[in-house]
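Chemist: The listed protein sequences derive, respectively, from chains A and B. Note that this note's numbering has the first sequence beginning at 68, numbered continuously upward. Note that this note's numbering has the second sequence beginning at 68, numbered continuously upward.
Number of protein chains: 2
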Amino acid sequence: MSTSGYHHGDLRAACLRAALELLEEGGATALSLRAVARRAGVAPSAPYRHYADRDALLSAVAAVGYRQLAERLAAAHPSPSTPEDLAAVAVAYVRFALDQPALFRVMFGEPCDRDSSERVAATTAISAYVTAIVARCFPDSDAEAMSTAVWALVHGLAFLHLDGKLDATRPRIVSKRVRGAVRAALAAG
Amino acid sequence: MSTSGYHHGDLRAACLRAALELLEEGGATALSLRAVARRAGVAPSAPYRHYADRDALLSAVAAVGYRQLAERLAAAHPSPSTPEDLAAVAVAYVRFALDQPALFRVMFGEPCDRDSSERVAATTAISAYVTAIVARCFPDSDAEAMSTAVWALVHGLAFLHLDGKLDATRPRIVSKRVRGAVRAALAAG
DNA sequence: GCTAGCATGTGAACGGCGCTCACATTATCC
DNA sequence: GGATAATGTGAGCGCCGTTCACATGCTAGC
């Protein structure tokens with residue numbers, strides 16, 4: 068575990084931590100393997116012992132992001148069972164995207180390995196989570212179609228705000244807009 | 068217009084064309100200013116006479132993408148006025164994203180200049196288009212909330228397919244899923 | 001028509017990047 | 001304790017975005 072000496076101790080974890088920091092500080096551009104190595108106090112080639120290439124590191128970063136997102140959603144409502152609960156979860160989803168835009172883009176905005184098992188597991192988890200919510204909120208609806216619709220709606224709201232297609236300068240307005248859109252779309256129940 | 072000689076003739080347009088080609092052939096990675104210059108048969112620094120930097124070229128590419136998208140949507144249905152018409156437009160939107168994934172990502176998947184007037188104009192045009200459709204399809208609904216919801220829903224469907232979160236290998240299935248999701252979400256009318 | 005000035009393209013250069021490889025150092029296991 | 005595997009080093013390759021002094025060709029005003 069010692070950071071001094073020739074061997075780092077836990078360079079794998081240190082790289083991941085450095086990557087997350089760089090992402091938050093300077094966006095996707097700042098996340099280079101060389102910068103990660105610098106921050107970990109190590110030669111530029113060292114990270115390659117732990118990550119095959121930049122994409123592998125990004126996949127690990129994305130996996131962390133998926134876990135964080137899951138936590139935020141769970142914190143928004145432990146077990147949503149009405150459309151209004153669902154709206155609260157939607158707000159949390161969009162807020163996560165706006166709080167950590169670069170991380171969110173790494174998770175969703177890049178053409179990445181489909182076969183990174185970490186990523187696949189994380190996204191199927193989220194998918195299952197959405198499906199469970201929808202089953203409780205709209206028991207009479209076509210479960211599959213409705214879960215797809217709900218995830219897409221919320222995901223789309225996140226991206227449109229992220230891209231400035233919808234004004235995201237004031238969080239209050241964003242929350243209101245997200246709630247309004249969810250209500251408007253799912254008025255049927 | 069002559070391509071021979073010291074001066075190119077219309078390097079600005081040539082760069083844009085080259086950029087679109089490279090994007091289609093090799094994805095976002097392949098779209099470098101140097102590659103654009105090579106394809107246009109010109110020195111690496113020449114494009115800088117016409118585009119301030121890489122982002123400026125990307126903005127121009129995105130603007131072309133917005134126009135293409137608008138055409139595709141108009142072709143799907145000239146003036147949608149029922150939820151089923153809207154579903155057809157949604158299918159066209161998602162299909163565009165899947166046909167030109169790299170272009171779609173340039174349009175929406177990057178944190179780009181908000182102040183590129185080309186981009187702003189194009190996106191407000193799309194926004195207005197959606198609002199008009201919604202006004203016809205759901206005259207009784209809150210127009211703003213509903214347009215936001217519809218755009219977000221469709222946009223989200225596009226991105227989830229693009230990222231492999233939803234299986235996009237067979238176009239037929241994609242169309243079916245999009246239609247199903249739109250119907251499920253907007254069953255209220 | 002000539003020339004001054006301007007727009008446009010060139011070529012070399014800078015620093016940063018991803019990535020590889022031969023090599024040095026340390027940990028681990030018999 | 002000595003072989004072997006794991007881990008970090010440093011130099012180096014080719015690519016990238018970007019800049020700058022310079023070369024070239026078009027065009028306007030005399």
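Even glycine gets a Cβ: it sits at the ideal position worked out from N, Cα and C. Since the structure is predicted, the reported quantities are computational estimates derived from the model, not experimental observations.
For my contact list, B:Leu229 and B:Ala164 are in at a C-beta cut-off of 8 Å; report their separation, rounded to the angstrom.
Modeler: Indeed, because the Cβ distance is near 5 Å, the residues count as touching under 8 Å.
Chemist: Compile a chain-ordered list of the residues in the stretch 182-215 of chain A whose CB is closer than 8 Å to at least one CB of chain B.
Modeler: Residues passing the 8 Å Cβ filter: Thr190, Ser194, Ser208, Asp209, Glu211, Ala212, Met213 and Thr215.
Chemist: For the putative contact between B:Asp86 and B:Val128, defined by C-beta atoms under 8 Å, what is the C-beta separation to the nearest angstrom?
Modeler: A small fix is needed here, since residue 86 of chain B is Ala in this sequence, not Asp. Going by Cβ atoms, the distance from B:Ala86 to B:Val128 rounds to 5 Å, so yes, they are a contact pair.
Chemist: Output yes if chain A places a C-beta closer than 8 Å to the C-beta of B:Phe171; else output no.
Modeler: No, B:Phe171 lies away from the interface with chain A (no Cβ there is under 8 Å from its Cβ).
Chemist: A:Ala219 versus chain B: which residues are under 7 Å apart at the beta carbon?
Modeler: Going along chain B in sequence order, the residues near A:Ala219 (Cβ under 7 Å) are Leu220, Gly223, Leu224, Leu227 and Ala248.
Chemist: Beta-carbon within less than 6 Å of B:Thr70's beta-carbon, same chain only, minus the 5 sequence neighbours each way: which residues are those?
Modeler: For B:Thr70, the pLDDT reaches just 48, beneath the cut-off of 50, and the residue's location in the model is therefore unreliable, leaving the point undetermined.
Chemist: For A:Arg244, go through chain B and note every residue whose CB falls closer than 8 Å to its CB, in chain order.
Modeler: Ordered by position in chain B, the residues that pass the 8 Å Cβ test against A:Arg244 are Ala212 and Thr215.
Chemist: Within 8 Å of any Cβ in chain A, is that where the Cβ of B:Ala143 sits?
Modeler: Chain A, which has no Cβ nearer than 8 Å to the Cβ of B:Ala143, makes this no.
Chemist: Could you say which of B:Pro150, B:Cys82 and B:His144 lies nearest to B:Arg121 if we only look at CA atoms?
Modeler: Checking every option, the nearest Cα to that of B:Arg121 belongs to B:Cys82.
Chemist: How would you label B:Pro238, buried or exposed, when you count the other beta carbons within 10 angstroms and need 16 or more for buried?
Modeler: Its Cβ having fewer than 16 others within 10 Å, B:Pro238 is exposed.
Chemist: Rounded to whole angstroms, what's the CA-CA distance from A:Val245 to B:Val221? Just pull it up for me.
Modeler: Whole-angstrom Cα-Cα distance: 15 Å.
Chemist: Can you list, in chain order, the residues of its chain whose CB lies under 6 Å from that of B:Val173, leaving out five sequence neighbours each side?
Modeler: Closer than 6 Å at the Cβ level, and outside the excluded window around B:Val173, lie Leu125, Val128 and Ala129.
Chemist: Return the first residue and the last residue of the alpha helix (DSSP H) that A:Leu125 is part of.
Modeler: Element bounds for A:Leu125: Arg121 to Ala143.
Chemist: Say whether chain B places a C-beta atom closer than 8 Å to the C-beta of A:Phe163.
Modeler: Closer than 8 Å: no.
Chemist: In three-state terms, what does DSSP make of A:Arg186?
Modeler: Reduced to three states, the DSSP call for A:Arg186 is helix.
Chemist: Assign A:Lys243 to one of two classes, buried (16 or more other C-beta atoms within 10 Å of its C-beta) or exposed (fewer than that).
Modeler: Looking at its Cβ environment, which holds fewer than 16 other Cβ atoms inside 10 Å, A:Lys243 is exposed.
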